[in-house]
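Peer 1: From first to last, the protein sequence lines stand for chains W and E.
Heads up, the first sequence is in my numbering, so the first residue is 1 and it goes up one at a time.
Heads up, the second sequence is in my numbering, so the first residue is 473 and it goes up one at a time.
Idealized CB from N, CA, C, for every residue including glycine.
Being a predicted model, the structure only gives us computed values, none of them experimental.
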Amino acid sequence: MPMSKKVLAAIIVVVVIAVVGGLSYALITAPPPGPTPPPVEKKPIKIALLYNPAISVLKGQGEAAKVAIEELQKAGGIAGYPVEYKEWDTQRKVDVAVAAYREAVVDWGAHFVLLEGVSEEMLALMEEGAKLYPKYPHILGYVGMAAEVTIKVMEEYDKYKFAFRLFDADYTANVLRPLAIFWEAKNVLKVSKIAILIEEAAWTLGARQGLEMTVTLKTPEVTKTIRISQKPLRELAREMGLTVVYEANIPVGTKEFLPFLEGAKAAGAEYIFVMSSWYTDCITLVKQWAVSGARDIYLELYGGPNHWTVFWNLTGGAALGVISGVFDVPDYIPISPYTQPFIAKMLGRGLRVDMSAHYYYSAVYHFKRAVEYVVERGGSPFDIDAVIKALERVPCEEHTLLPAEMTILGSLDENFHSYPACLPPHYQFQRDGKVVCISGIENPFRQVPEELARRYFHPELVKSPAELRAGG
Amino acid sequence: MINELLLSLIYTFIFGSMYLGIALGFSIVTGVLRVFNLAYPIFFLIAAYGTWLFWRDLNLPFELSIALPFVLVAVASYLVYKFVVNKFMEAEDYMLAALILLFLAVEQVVSIVYPEAAGVFIPTRVIEGSVNVGPASLPGQYFVIALASLIMTALYVMFFMKTKTGLVMRAISQSYLVSRIIGVNFNLMFVIAMILGSIPPAVVMLLLAPVWALNPFIGWTLFAYGIMVAVLGGLGNLKGTIIAAYMIGAIYSFVAYLVNPRLAGLACLVVVVIILALKPRGLARAETIW
C-alpha cells in the first residue's frame, strides 16, 4: 500500500533532521582535521646583558651571566617560563650604555637588565630607567661600587626601586675588608709598621677621608634614618694596633710607582697595602716593586690582579710574594655548594673567574629565585613590582660567594638593595705562580666557617718575599 | 733628608735619561722632516708585540725575536714615509690626520690580536734586582734604560756631527730651500731619518718591558712623555730635547722624593706650561736639529 504524501513528508523531515543533527554533533565533538596545534606557549622572561666584550675581564663577567642563563634554559626556564637573553656592547661608555639600555627595555622588552660597567653608566641608566619604568617595568641590576646607586634608591624608593646593586655596599666593604686584611697583616705576617697607598678614585673616597652621612630610607612600608660611617684606612689600621708610617694617594694612570715604594721603604714600612682596583696599573706596580728597594717588604693588593694566572704571566713572575684576593683556583673555598662547580664550569670553558664573575652568575640566579617566589604565590613573573619585593625578601641559595643568609637585598640598613661585604680569603703568589691561601684561621672578620677555614687556610705557609726569591 | 736628596739626584738621571730615550726618535723626525709624527707610538707597539710574535707565536729563538722587530720597525718607518708623509707633504692637516689614524688602527689591531689576557711579557731584563748607590737601593733595569738612552743620544749626536749624511740632514733642518737648490736627495734623507727615529723607541720599549706593564695602549702613554719633552725642548732640536728631558726628570724626582709623589706629574706639567708661555718655541729654537 502506497504511503500517503503526508507520511512520506514526515519521514523525510525526520531523516533530514537526524542527518543534519548527527552531522552537527559529529562536527562539534570530533577532533578537528589536520595536525594538532601547539599548546599555548608562555611568554618568555627576557634578560638583557649589557657589557663590554672587548676587555677580557669584562667579557668573562658577561659570559658568567650567560652560563647561568643557559643553565636555566636547559632546566626548563624559570618557574616554567622560557628564558631568553640578548647582549649589548656598551663599550663602557655612558651614552652607548644608555642607548643599549633603551633598546633592551623599550624595543626588546627586557624584564631584567644586568649591567656590567662603571658607576657613571649605572647612575645614567637609573635616570633613564626612572622615566621608562612606569611604561616598561623592569629590573636593573649592577655589579659594582658607588654608594650613590643605593643611596638614591633609599632616598627616592618609588623612583628608583627597580635598581639593585648586586655587590657590596662600598662603605661596608671598605671597612670590613681592610679590617680583615689588617688583622692578617698583624697576626699572620707579624708586621707592625705599614704603608698605605690608595688609588685616587671615587670608590676610595671613604678610605682616604672617611665618610659620615645620614640617609633616610623611605619605602611605602617604612621610613628609617640610617647612619653610614666609614673611618679612613689609617684609623682602621691604628685600631688594629698597626702603625701607619707612610700614606700616599696614587693617581689613576700612574706608571711610576718607584717614588711611592721608595717612600714606604724610607719610612720603615714592613708591609705595603695598596687600596687598588683594576684602575691602578697593578702589573707595573708589581714589576717595579720587584726591582725596587722595597722588594723585601710585603706587598698586598686590595684588587687588580683579577685573573690570577694571567696576572702572574703578565708580570713575568715579578708577582712572587705578592698577596691579594683570588678566585680562579679550582679548589677555592666552597663557601656555598655552588662555588666550586661554578669555577669548574668557567675554567672548563676557558674563562677565568674573578669576584665579579661570581656575582654576575649569581645575580641571574637571584632574579630567578625572586620570580619563582612570585609564581609560587600565584603571581605573574611579569608583575615586576612583585618581583622587586621578592628580590628584597628572598635569599639567593645559589649564590657562589655568599652564604644564603647574606643575600637579602631588602635589609633596612646601609646595605639596602646591596649585599653585605664579601670578605675573600688571601692568597700569596709563591714559586712558579702557585697561589697559597694564607688567611688566618682565627680571623674574626672572615665569613668562612671554621671547619672550612681549618681545611683551606694555611697561614703557616706564608713566606717573606726575600725567602721566596731565595728559592724558599 | 740627605737620603731623599740623593734619591732625587739619582732619579733625575734615571728618569731624565728615560724621557730622553723616549723622545729622541720623535725629535729627530721633527728636526729633519719638520713633521709632527703622530704615528710615532706604533714603534713602541711593533717592538713589544713583534718580539712576542716572533718568540712565542713563531717559536724563534729569543735573541732573534728581539732583533727582528727592528727590521719590522724599519719597514714600518719606510711605509709610513712612503704612503703617508710623502703623499701628504703639501697638506699637513691631512698628514696629521692620516698619521694619527694609522696609529689608532695599529693599536686596535694589536688589541684584537693580543688582548691583555694574552699575557704578553718580554723578559728583557738585563740586570736582575737592584743596584746599591750609597744608602739607596735602585732598580738595575732603570740604569740600563738610562745608559742605553745616553748611548743612543751620543751616537746620534756623533752621527749628525761627524758623518756626511748627518751633515746633510742638519742642512735640511736648517734650510729646506737651500738643500733643495744644492740637490739633496730628500727622499733618501727622509727615509733614513724616519728609520733612525724609529730605533730609540723600540730600544726603550724593549728595555722598559720588565718594569712596565705591556698592553696594547702603552704607545700613547709613552708618546705623551715624548711630546712633553720634545715640545719643551723646542720641536726638532736635540740639544733642547736633552735639556728638557733632564729638566722634567729633575722636577719629577725632586717633587716626588722631597714633596709628594702625588704632585710630581702635575709639577712637570705646570713648569712646561709656564716655560712655553714665556718661550713658546721651547727651550731651544727649532731652527736646526743640533
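Express the C-alpha separation of W:Pro420 and W:Glu405 in angstroms, rounding to a whole number.
Peer 2: Taking the straight line from one Cα to the other gives about 10 Å.
Peer 1: Between E:Val605 and chain W, is there a C-beta pair that is closer than 8 Å?
Peer 2: No, E:Val605 does not count as interfacial toward chain W.
Peer 1: Using beta carbons (cut-off 8 Å, strictly below), is E:Pro733 in contact with chain W?
Peer 2: E:Pro733 counts as touching chain W.
Peer 1: Can you tell me where the alpha helix (DSSP H) with W:Asn313 in it begins and where it stops?
Peer 2: Where W:Asn313 is concerned, the enclosing alpha helix (DSSP H) stretches over Trp308 to Leu314.
Peer 1: Three or more C-beta pairs under 8 Å: does that hold for the stretch 319-336 of chain W against the stretch 351-366 of chain W?
Peer 2: Taking 8 Å as the limit for Cβ pairs, the verdict is that the stretch 351-366 of chain W does touch the stretch 319-336 of chain W.
Peer 1: Using a threshold of 8 Å, state whether the C-beta atoms of W:Val188 and W:Ile384 are closer than that.
Peer 2: Contact: no.
Peer 1: Which residues in chain W have a C-beta closer than 8 Å to the C-beta of E:Gln613? List them in chain order.
Peer 2: Those are Val291, listed as they occur along chain W.
Peer 1: State the start and end residues of the unbroken alpha helix (DSSP H) segment that holds W:Gln428.
Peer 2: Here W:Gln428 belongs to no alpha helix (DSSP H); instead the beta strand (DSSP E) covers His426 to Phe429.
Peer 1: Give a yes or no on whether the C-beta atoms belonging to E:Ala804 and E:Ala674 are separated by under 8 Å.
Peer 2: This structure gives no information on residue 804 of chain E, because the portion of chain E shown stretches from 473 to 762.
Peer 1: Does the Cβ of E:Ser647 have 16 or more other Cβ atoms within 10 Å, making it buried, or fewer, making it exposed?
Peer 2: Under this definition E:Ser647 is an exposed residue.
Peer 1: For W:Glu457, which residues of its own chain have a beta-carbon under 6 Å away from its beta-carbon, when the five flanking residues on both sides are left out?
Peer 2: As written in the sequence, residue 457 of chain W is Phe, which differs from the Glu given in the question. Here the set comprises Cys437, Ser439 and Ile441.
Peer 1: In terms of residues, what are the limits of the alpha helix (DSSP H) holding E:Lys636?
Peer 2: That run of the alpha helix (DSSP H) goes Lys636 to Gln646.
Peer 1: Hey, which unbroken runs of the alpha helix (DSSP H) at 4 residues or more fall wholly within the stretch 686-754 of chain E?
Peer 2: Segments of the alpha helix (DSSP H) lying fully in the stretch 686-754 of chain E: 690-705, 710-726 and 733-750.
Peer 1: Return the chain-ordered list of same chain residues with a C-beta closer than 6 Å to the C-beta of E:Gly488, the five sequence neighbours on each side being excluded.
Peer 2: Cβ neighbours of E:Gly488 beyond the five flanking positions: Ala717, Tyr718 and Gly721.
Peer 1: Compare the C-alpha of W:Tyr387 against each of W:Thr214, W:Pro53 and W:Ile78 and name the closest.
Peer 2: A small fix is needed here, since residue 387 of chain W is Val in this sequence, not Tyr. For the residues W:Thr214, W:Pro53 and W:Ile78, the minimum Cα distance to W:Val387 belongs to W:Ile78.
Peer 1: Measuring only the C-alpha atoms, how far is W:Ala264 from E:Tyr483?
Peer 2: W:Ala264 and E:Tyr483: Cα-Cα distance of roughly 16 Å.
Peer 1: Where does W:Gly325 fall in DSSP's three states?
Peer 2: It is a strand residue.
Peer 1: Output the distance between the C-alpha atoms of W:Ala466 and E:Val640, rounded to the nearest integer angstrom.
Peer 2: Straight-line Cα distance between these residues: approximately 55 Å.
Peer 1: Which residues of chain W have a Cβ atom closer than 8 Å to the Cβ of E:Phe593, listed in chain order?
Peer 2: The contacting residues are Asn313, Leu314, Thr315 and Gly316.
Peer 1: Please specify which runs of the alpha helix (DSSP H), each continuous and at least 4 residues long, are wholly inside the stretch 251-300 of chain W, giving them in chain order.
Peer 2: You should have 258-266 and 282-291.
Peer 1: Tell me, please, whether the CB atom of E:Asn475 is closer than 8 Å to any CB atom in chain W?
Peer 2: Taking Cβ atoms only, chain W reaches closer than 8 Å to E:Asn475, which makes this a yes.
Peer 1: Quick check on the DSSP output: what are the complete beta strand (DSSP E) runs of length 3 or more inside the stretch 206-235 of chain W, in order along the chain?
Peer 2: Fully enclosed beta strand (DSSP E) runs of 3 or longer: 211-218 and 223-230.
Peer 1: According to a CB-to-CB cut-off of less than 9 Å, which residues of the stretch 237-263 of chain W neighbour chain A?
Peer 2: Among the protein chains of the structure shown, namely W and E, there is no chain A.
Peer 1: Cβ of E:Ser609 less than 8 Å from any chain W Cβ?
Peer 2: It does; some Cβ of chain W falls within 8 Å.
Peer 1: Go to W:Gly141, then tell me how far its beta strand (DSSP E) extends in each direction, as first and last residue.
Peer 2: Segment Ile139 to Tyr142, the beta strand (DSSP E) holding W:Gly141.
Peer 1: Given this structure, state the Cα-to-Cα distance separating W:Ala26 from W:Arg377, to the nearest angstrom.
Peer 2: Low confidence applies to W:Ala26: its pLDDT is 45, below 50, so where it sits in the model is not reliable, and the reading given next is rough at best. Cα to Cα, W:Ala26 sits roughly 42 Å from W:Arg377.
Peer 1: Pick from W:Thr254, W:Glu155 and W:Thr225: whose alpha carbon is nearest that of E:Ala696?
Peer 2: Closest by alpha carbon: W:Thr254.
Peer 1: Within 10 Å of its beta-carbon, does W:Met122 have 16 or more other beta-carbons around it, so buried, or fewer, so exposed?
Peer 2: Looking at its Cβ environment, which holds 16 or more other Cβ atoms inside 10 Å, W:Met122 is buried.
Peer 1: In the stretch 342-372 of chain W, which residues sit with their C-beta less than 7 Å from some C-beta in chain E, listed in chain order?
Peer 2: Listed by position along the chain: nothing, the set is empty.
Peer 1: Since W:Ser119 is in the alpha helix (DSSP H), which residue starts that stretch and which ends it?
Peer 2: Taken as a continuous stretch (DSSP letters only), the alpha helix (DSSP H) holding W:Ser119 covers Ser119 to Leu132.
Peer 1: So is E:Leu738 buried or exposed if we call it buried at 16+ other beta carbons inside 10 Å?
Peer 2: Flag for E:Leu738 reads exposed.
Peer 1: If you reduce the DSSP assignment to three classes, tell me which class W:Val191 lands in.
Peer 2: In this structure, W:Val191 counts as coil in the three-state DSSP scheme.
Peer 1: Count the other CB atoms, across all protein chains shown, that sit within 10 Å of the CB of E:Asn709; report buried if there are 16 or more and exposed otherwise.
Peer 2: Answer is buried; the Cβ neighbour count reaches 16.
Peer 1: Relative to the C-alpha of E:Val703, which residue among E:Leu680, E:Cys740 and E:Ala626 is closest?
Peer 2: Ranking the options by Cα distance to E:Val703, first place goes to E:Cys740.
Peer 1: Could you give the DSSP three-state label for W:Asp168: helix, strand or coil?
Peer 2: W:Asp168 falls in the strand class under three-state DSSP.
Peer 1: On a CA-only basis, which of W:Ala100, W:Gly80 and W:Gly129 is nearest W:Lys159? Give me that one, please.
Peer 2: Per the Cα distances, W:Gly129.
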